[in-house]
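Per my numbering, residue 1 is the first one in the sequence shown, and the count goes up by one each step. First up is the structure itself, then whatever we jot down about it.
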Amino acid sequence: MENFIKNYESLKFLYIFSVFNLEYFILLQLGTIKLIDNYDPKKLRRLSTPETVLQIWIRSSQVSRVTGFQRLHYEMDAEFLFSPENGPSKMERSIIESFFKINYSHRFNPTRITRPGRYAKLIVIPKTGNDMLTNAIWNELRLLDNVVKNVTIAYGENNRLYKYEDICARWIDECFENDILNLDVVMDQIESKQLNLTFPVMINPITWDAHTFPVFFGRTVRYDDVIERVPSVQLMYFLTDDTNVDDEKGALWEEKFLDAIAETEKLGLFEYISTARFTSRTLDIELEKNTQSVTPYFMSTFVIMIVFSVFTCMMTDWVRSKPMLGLLGNVSAVMGTFAAFGVATYCGVDFIGINLAAPFLTCSIGIDDTFVMLAAWRRTPVTMDVPERTAHMLSEAAVSVTITTLTDIVCLWIGKNSPFPAIQIFCIYTGLAVSFIFLWHLTFFTACISVYGYIEQKNRHSITCLRVLPVSLAHNKSWLYRVFCTGGINIKDADNPEDNPENSLMAWCRDSLGNALSKWPVKVLIILLFIGYLTGAIYGTLRIQEGLQRRKLSKPDSYSVEFYDREDFYFREYPYRIQVVIAGELNYWEENVQNEIENLTRAFENSQFISSSSFYTESWLRSFLGYIDRNKDILNVTIGTNEGFIETLKQHWLFRPNPFSLDVKFDEKGDKIIASRFIIQAVNITDGNMEKDMVNELRRIAQESNLNVTVFHPYFVFFDQFELVRSSSMQSMLIGGVIMMIITFVFIPNIICSFWVAASIVSIEIGVLGYMALWDVNLDSISMVNLNMCIGFSVDFTSHICYAYMSAKADDSNAKTKESLYSLGLPVFQGAVSTILGVFALLFVGSYIFMVFFKMIFLVTIFGALHGVLLLPVLLSLVNPRKKEKKTKIEKKYPTTYCIPAYPSSPPPPPPLANFHHPKHFGIPLHEIYLHHPPYSSDLAPCDFYLFPTVKFALKGTRFQSVEVVKNRAACVTKELTEKDFQHC
Numbered sequence: 001m002e003n004f005i006k007n008y009e010s011l012k013f014l015y016i017f018s019v020f021n022l023e024y025f026i027l028l029q030l031g032t033i034k035l036i037d038n039y040d041p042k043k044l045r046r047l048s049t050p051e052t053v054l055q056i057w058i059r060s061s062q063v064s065r066v067t068g069f070q071r072l073h074y075e076m077d078a079e080f081l082f083s084p085e086n087g088p089s090k091m092e093r094s095i096i097e098s099f100f101k102i103n104y105s106h107r108f109n110p111t112r113i114t115r116p117g118r119y120a121k122l123i124v125i126p127k128t129g130n131d132m133l134t135n136a137i138w139n140e141l142r143l144l145d146n147v148v149k150n151v152t153i154a155y156g157e158n159n160r161l162y163k164y165e166d167i168c169a170r171w172i173d174e175c176f177e178n179d180i181l182n183l184d185v186v187m188d189q190i191e192s193k194q195l196n197l198t199f200p201v202m203i204n205p206i207t208w209d210a211h212t213f214p215v216f217f218g219r220t221v222r223y224d225d226v227i228e229r230v231p232s233v234q235l236m237y238f239l240t241d242d243t244n245v246d247d248e249k250g251a252l253w254e255e256k257f258l259d260a261i262a263e264t265e266k267l268g269l270f271e272y273i274s275t276a277r278f279t280s281r282t283l284d285i286e287l288e289k290n291t292q293s294v295t296p297y298f299m300s301t302f303v304i305m306i307v308f309s310v311f312t313c314m315m316t317d318w319v320r321s322k323p324m325l326g327l328l329g330n331v332s333a334v335m336g337t338f339a340a341f342g343v344a345t346y347c348g349v350d351f352i353g354i355n356l357a358a359p360f361l362t363c364s365i366g367i368d369d370t371f372v373m374l375a376a377w378r379r380t381p382v383t384m385d386v387p388e389r390t391a392h393m394l395s396e397a398a399v400s401v402t403i404t405t406l407t408d409i410v411c412l413w414i415g416k417n418s419p420f421p422a423i424q425i426f427c428i429y430t431g432l433a434v435s436f437i438f439l440w441h442l443t444f445f446t447a448c449i450s451v452y453g454y455i456e457q458k459n460r461h462s463i464t465c466l467r468v469l470p471v472s473l474a475h476n477k478s479w480l481y482r483v484f485c486t487g488g489i490n491i492k493d494a495d496n497p498e499d500n501p502e503n504s505l506m507a508w509c510r511d512s513l514g515n516a517l518s519k520w521p522v523k524v525l526i527i528l529l530f531i532g533y534l535t536g537a538i539y540g541t542l543r544i545q546e547g548l549q550r551r552k553l554s555k556p557d558s559y560s561v562e563f564y565d566r567e568d569f570y571f572r573e574y575p576y577r578i579q580v581v582i583a584g585e586l587n588y589w590e591e592n593v594q595n596e597i598e599n600l601t602r603a604f605e606n607s608q609f610i611s612s613s614s615f616y617t618e619s620w621l622r623s624f625l626g627y628i629d630r631n632k633d634i635l636n637v638t639i640g641t642n643e644g645f646i647e648t649l650k651q652h653w654l655f656r657p658n659p660f661s662l663d664v665k666f667d668e669k670g671d672k673i674i675a676s677r678f679i680i681q682a683v684n685i686t687d688g689n690m691e692k693d694m695v696n697e698l699r700r701i702a703q704e705s706n707l708n709v710t711v712f713h714p715y716f717v718f719f720d721q722f723e724l725v726r727s728s729s730m731q732s733m734l735i736g737g738v739i740m741m742i743i744t745f746v747f748i749p750n751i752i753c754s755f756w757v758a759a760s761i762v763s764i765e766i767g768v769l770g771y772m773a774l775w776d777v778n779l780d781s782i783s784m785v786n787l788n789m790c791i792g793f794s795v796d797f798t799s800h801i802c803y804a805y806m807s808a809k810a811d812d813s814n815a816k817t818k819e820s821l822y823s824l825g826l827p828v829f830q831g832a833v834s835t836i837l838g839v840f841a842l843l844f845v846g847s848y849i850f851m852v853f854f855k856m857i858f859l860v861t862i863f864g865a866l867h868g869v870l871l872l873p874v875l876l877s878l879v880n881p882r883k884k885e886k887k888t889k890i891e892k893k894y895p896t897t898y899c900i901p902a903y904p905s906s907p908p909p910p911p912p913l914a915n916f917h918h919p920k921h922f923g924i925p926l927h928e929i930y931l932h933h934p935p936y937s938s939d940l941a942p943c944d945f946y947l948f949p950t951v952k953f954a955l956k957g958t959r960f961q962s963v964e965v966v967k968n969r970a971a972c973v974t975k976e977l978t979e980k981d982f983q984h985c
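Rendered as structure tokens:
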């Protein structure tokens with residue numbers, strides 16, 4: 001309940017924060033509208049559309065979030081989230097549980113469990129020295145054991161008190177005991193070397209306990225099977241987990257256990273020993289802590305991104321400056337994200353901790369779209385009417401924004417098909433957020449641009465909304481006014497260069513960066529650097545490690561990290577007791593069946609990952625046959641028939657105190673064996689790669705057997721990720737890359753451009769994969785999430801530049817490069833920086849999960865931006881793809897609206913004017929007739945035959961509101977013509 005309240009408070013804070021933003025910007029929007037035109041109703045009608053759009057989307061966001069968050073269900077089961085949904089180990093577990101169900105309350109054995117259940121573990125090491133075999137240490141171990149057994153919880157309506165002995169897992173009627181502690185009765189003799197401990201098993205001469213040292217002793221130092229030194233001791237406490245009530249009591253006891261051990265360490269209760277603790281709930285608790293650790297960074301990240309957006313959207317022209325739109329772009333992204341989360345929770349999709357990384361990413365995507373749309377707005381003529389400027393802005397930005405949104409959504413949809421539920425859930429939330437941000441930007445943010453377009457049209461200050469003077473008319477004003485309160489244009493002199501300054505950063509991208517990329521030495525240098533980058537990426541890819549280690553799900557300062565480190569260091573020699581189940585009815589009394597099972601057992605023991613010593617193998621059949629063979633003269637029994645075998649087995653071997661009674665499953669009548677089990681011991685498994693190889697080899701041995709064999713350990717559920725993560729990642733990257741190329745070709749129908757964009761995607765993905773390995777990031781379910789997103793992110797910057805290059809009107813490749821960098825160089829820079837700022841806070845969370853998000857998004861952003869503004873322009877300039885223009889039949893027949901061909905010799909004599917009405921004259925088409933004109937007549941200059949029809953065609957079919965708008969539009973068309981257009985006319 002306490003954890004639920006914490007999560008609820010965090011979400012409530014986010015909800016209140018978003019509602020505050022909504023209300024503030026409603027007031028801002030309405031106030032801005034009222035300032036414009038002094039409440040003129042006729043003019044306000046022009047604002048009714050953006051105002052309505054703003055209201056509709058704000059209300060829809062409120063509804064989706066309010067109704068959705070009321071249905072929030074938080075999922076933090078680590079096994080469910082980070083293991084394959086339909087992994088082979090889960091099927092193996094279901095097979096074993098169908099025959100051998102765990103009974104925690106009466107017949108519990110820790111080597112035969114199929115699920116972790118409720119438990120607590122302690123790994124104890126000495127504070128000084130490296131040997132635990134002293135009286136002082138063993139006395140403190142006894143004290144530690146008493147502390148654990150006295151941990152008390154209150155449960156139920158009457159708050160009944162429960163201790164360990166009340167809720168412990170039991171074998172017959174006794175709790176599972178750490179019998180190794182009974183060595184205290186002989187510790188004096190052990191310490192004085194009067195009594196030697198023999199490895200691996202020894203009978204206690206006082207208590208007659210059979211101490212199995214590999215279970216309790218870690219990294220034991222021995223000589224000729226005599227234990228010389230014990231650096232570590234492990235203590236285990238198992239709880240009943242048969243019912244939901246048992247599970248709830250066990251969860252409460254585990255929390256109290258963790259608190260009790262932490263308190264003993266804090267108080268310095270133990271002088272000679274140091275403890276590391278762990279429970280079955282530790283992973284869940286650590287995932288919850290990861291969630292709580294990231295929420296304080298939402299506000300600071302939002303503020304940083306607002307500040308960056310506001311400042312990069314400002315200009316010295318305070319009318320064209322758009323700081324408030326930089327702010328509103330952030331608001332649009334945030335509200336789209338919250339609306340998407342509300343819809344997802346409303347639809348019943350579980351919420352998980354890593355979803356809290358999504359707002360950092362999706363808001364960065366939204367800000368990127370904001371910069372692209374504002375850059376397109378700046379390129380529209382200021383003399384245009386607002387609706388027309390908005391239409392031009394959308395027509396220019398729509399392709400880039402749609403490509404990036406669509407590619408991100410498709411990549412997340414591919415991730416939705418991942419076998420890992422954590423990836424599926426994250427991709428659902430993030431994909432919805434990207435979709436909603438796209439809709440919000442096309443509606444809410446576009447409406448905001450329109451509102452500020454009217455402010456700009458009336459020459460009002462972009463922040464105060466007060467009328468200001470253009471620079472050309474403010475010479476008699478104070479310097480303070482000229483610096484902070486001037487901007488816009490003089491309607492009577494709209495072309496005054498003093499009132500039409502270029503954006504300095506956009507001009508730098510064209511003049512400085514564009515000029516540099518036009519030089520051959522720079523092009524060669526960039527290609528050489530790219531080869532070096534690709535070489536390092538391939539090297540890193542070959543060194544990549546696989547698998548998500550449990551310790552990485554915890555924060556670095558967590559108590560569990562110390563436990564994981566000790567477990568990996570001290571208890572890797574004999575780590576796993578693995579169950580082997582043979583299903584199906586077999587004639588166990590027949591010698592050939594017994595030999596087949598024995599051969600199977602030896603095949604497992606011969607594996608490099610399994611102990612070859614028969615001592616570590618628990619086989620009921622091997623032990624039973626050996627017992628019968630040794631005592632055949634005394635027992636006088638026959639096991640050569642089914643009846644004799646079953647009767648002897650039940651009477652002499654499967655009595656209840658014998659653990660082997662848990663390994664044989666009879667049919668309902670009890671006269672046939674339908675399943676049996678034996679246990680093997682894994683040895684020297686040191687890392688994730690060995691765990692993967694071990695599982696694969698054991699499954700191979702099982703499949704090669706003629707018997708129906710299943711191998712299983714509870715940790716196999718997690719080991720399955722090692723086998724699937726590589727193939728799933730490669731499959732997602734391949735499918736994503738192909739789809740990205742198709743999408744790019746649809747929107748930019750040029751095969752050369754599509755090829756270079758696809759090559760850039762492959763290059764960026766290889767770079768992210770290789771350099772993340774060099775940055776200590778494994779290929780696991782967390783990095784898989786990011787790899788899916790990186791496919792979409794890698795398209796963002798490259799598609800922007802590629803589309804701008806193909807849209808450039810120049811013919812020369814270097815000129816097209818400059819024009820594309822002028823159009824979208826600044827938005828690419830802004831988008832890259834805003835994305836890094838958006839995820840920068842994850843660097844300080846102190847969690848591996850969020851650290852992976854930061855590292856991989858940082859890599860894909862840097863590599864994507866560098867490919868977009870450096871490599872791709874160079875590659876495009878080398879091949880110079882051209883946009884294929886579609887021509888009508890008339891345009892194909894008459895390529896130009898005039899024709900003045902140049903003849904190498906003297907032109908033919910002009911035809912008689914009387915024949916000009918004929919379609920042809922002397923076999924020459926009219927559009928190819930050479931027209932004589934005075935060489936210095938401005939009225940008949942060749943450029944006029946190009947200029948006037950061009951302007952006419954641009955205006956054709958458009959209805960204008962006034963003559964003034966026609967003049968402005970004609971002036972804009974004329975200004976868009978380049979010098980080369982006239983040279984080639």
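All residues carry an ideal CB built from backbone N, CA and C; glycine is no exception.
{"query": "Contact check, P84 vs D693, beta carbons under 8 Å", "result": "no"}
{"query": "Burial state of K855, where buried means 16 or more other Cβ atoms lie within 10 Å", "result": "buried"}
{"query": "Reduced DSSP category for P116 - H, G, I as helix; E, B as strand; rest coil", "result": "coil"}
{"query": "Minimum C-alpha distance to P421 - residue among A398, N355, C465", "result": "N355"}
{"query": "Counted within 10 angstroms of its Cβ, other Cβ atoms place W520 as buried (16 or more) or exposed", "result": "exposed"}
{"query": "Burial state of E730, where buried means 16 or more other Cβ atoms lie within 10 Å", "result": "A quick correction: the sequence has Met, not Glu, at residue 730. Exposed."}
{"query": "Cα-Cα separation, S94 to I679", "result": "18 Å"}
{"query": "Residue from Q651, S607, R577 whose Cα sits closest to the Cα of F624", "result": "Q651"}
{"query": "Residue burial classification, T282 (beta-carbon count within 10 angstroms, cutoff 16)", "result": "buried"}
{"query": "Residue nearest to T837 in terms of C-alpha spacing, selected from T362, T617, A210", "result": "According to the sequence as given, residue 837 is Leu; it is not Thr. If we check each option's Cα against that of L837, T362 comes out closest."}
{"query": "Environment of T243 [buried if 16+ CB atoms lie within 10 Å]", "result": "exposed"}
{"query": "N103 versus S783: straight-line alpha-carbon distance, rounded", "result": "38 Å"}
{"query": "First and last residue of the uninterrupted beta strand (DSSP E) at L161", "result": "160-162"}
{"query": "Assigned exposure category for V483 - 16 Cβ within 10 Å defines buried", "result": "exposed"}
{"query": "Reference R277; option with closest CA among Y452, F797, Y237", "result": "Y237"}
{"query": "Segment limits, beta strand (DSSP E) that includes K632", "result": "Counting along the chain, K632 falls outside any beta strand (DSSP E), though it belongs to the alpha helix (DSSP H) covering 632-635."}
{"query": "Three-way DSSP call (helix, strand, coil) for Q618 in this model", "result": "The question names Gln, but residue 618 in the sequence shown is Glu. E618: strand per DSSP, three-state reduction."}
{"query": "Alpha carbon of C972 to alpha carbon of I449, nearest angstrom", "result": "21 Å"}
{"query": "Alpha-carbon to alpha-carbon, S518 and L871", "result": "12 Å"}
{"query": "Residues that E546 bridges to, as DSSP identifies them", "result": "L779"}
{"query": "S794 beta carbon less than 8 Å from that of E765", "result": "yes"}
{"query": "Alpha carbon of R46 to alpha carbon of T446, nearest angstrom", "result": "The pLDDT assigned to R46 is 40, lower than 50, so where the model puts this residue is not dependable; a value taken from the coordinates is nonetheless given after this. Computed Cα separation, rounded: 15 Å."}
{"query": "Whether D284 touches A78 by CB criterion (8 Å)", "result": "yes"}
{"query": "Distance between T279 and Y559 (C-alpha atoms, nearest Å)", "result": "11 Å"}
{"query": "Delimiting residues of the beta strand (DSSP E) encompassing V711", "result": "708-712"}
{"query": "Every unbroken alpha helix (DSSP H) within the segment 464-547, with a cutoff of 4 residues, ordered by chain", "result": "479-484, 504-508, 514-517, 520-542"}
{"query": "Same chain, Cβ closer than 8 Å to T275, five either side skipped, listed in chain order", "result": "L122, I123, V124, L144, I261, T264, E265"}
{"query": "Simplified DSSP state of T380, which is helix, strand or coil", "result": "coil"}
{"query": "V860, buried or exposed, once every other Cβ within 10 Å from all chains shown has been counted against 16", "result": "buried"}
{"query": "Contacting residues, own chain, Cβ-Cβ under 6 Å from I739 (five flanking each side not counted)", "result": "V410"}
{"query": "In DSSP terms, what A583 is bridged to", "result": "A675, N708"}
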